[in-house]
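Visitor: Please see the structure below; I have some questions.
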Amino acid sequence: MTAPACSVQCLDTLDDAQIDELAGVLLDCVEGGASVSFMQPLTRERAVSFWRRVADGVAAGERALIVAADAAGVCGTVQLVLAQPENQPHRADLAKMLVHRRARRQGLGAALLRAAESTARERGLTLLVLDAVTGGDAARLYERLGWLRVGDIPGYALMPQGGLCSTTVYYRNLHR
Ligand SMILES: CC(C)(COP(=O)(O)OP(=O)(O)OC[C@H]1O[C@@H](n2cnc3c(N)ncnc32)[C@H](O)[C@@H]1OP(=O)(O)O)[C@@H](O)C(=O)NCCC(=O)NCCS
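Positions -15 to 160 (our numbering) are the ones given, in order, by the sequence shown.
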């Protein structure tokens, strides 16, 4: 499934305008209550600073960054964390799957996930790992696209407005 009104591509560099738009997507997701490492209220300054660090990681080859854009600009993104211990060169962590609320429920999350899996395969990776809030929108997406559930960790993280939530760990074997 692809999201027809969006372009999805893997970026090697980020300019200031793209960093600002990615910050806008992160702000929208945190404001909407998504548990993605940040607490409310998240300031634009902190969001921009997060994406500047991501841009440095992309430039250093430590991360692969996939970005989706619609007519209004960046509307979704996902990352592969490629920098792993030397005994795990075959795997990456999938992180920061974010779709702006304006672009949800049109297949963009699925398109980003497939693009991340393709990027991992192109790089010769054979295993992806992620964690997601137990029973949330993202967990359903990963299970629908064939990710296998390892188990739940109760009380793993705080929701952005406070209150502990359980996390579910998933993996995807790219040989299949
Ligand atoms: C999780 C997230 C990335 C999903 O993004 P999305 O673009 O809405 O994902 P999709 O459109 O592929 O799928 C979402 C739903 O829309 C449905 N859908 C997809 N295309 C559709 C269409 N054309 N018409 C109607 N429904 C559609 C899917 O079946 C799915 O349904 P479900 O939630 O009942 O299972 C998004 O909700 C998000 O960014 N959440 C906040 C951040 C977050 O929690 N990230 C995860 C970190 S682990």
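Every residue, glycine too, gets a C-beta built ideally from N, C-alpha and C.
As the structure is a prediction and not an experimental result, all values here were calculated from the model.
Please return the same chain residues whose Cβ sits closer than 6 Å to the Cβ of Val62, not counting the five positions on each side in sequence.
Guide: Correct list, in chain order: Ile50, Met81, Leu96 and Ala100.
Visitor: Nearest by alpha-carbon distance to Ala48: which of Arg107, Leu92 and Leu125 is it?
Guide: Ala48 has its Cα closest to that of Arg107, out of Arg107, Leu92 and Leu125.
Visitor: Please state whether the Cβ-Cβ distance between Leu64 and Ala18 is less than 7 Å.
Guide: Cβ distance not < 7 Å, so Leu64 and Ala18 don't count as in contact.
Visitor: Please go through the same chain and pick out, in chain order, the residues whose beta-carbon is closer than 6 Å to the beta-carbon of Gln145, but skip the five residues on each side of it.
Guide: Here the set comprises Gln24.
Visitor: With the cut-off set at 7 Å, would you say Leu111 and Leu78 are in Cβ contact?
Guide: It is not a contact, given that the beta carbons lie outside the stated cut-off.
Visitor: Just to confirm my understanding: we take Gln68, look at its own chain, exclude 5 residues before and 5 after, and list those with CB closer than 8 Å. What are they?
Guide: Around Gln68: Arg75, Ala76 and Asp77.
Visitor: How far does the alpha helix (DSSP H) with Gly135 in it extend, from its first residue to its last?
Guide: First-last for Gly135: Leu132 to Leu142, but that is the beta strand (DSSP E), not the alpha helix (DSSP H).
Visitor: Pick out whichever of Leu109, Val117, Gly119 and Gly60 has its Cα sitting closest to the Cα of Gln90.
Guide: Among Leu109, Val117, Gly119 and Gly60, the Cα nearest to that of Gln90 is on Gly60.
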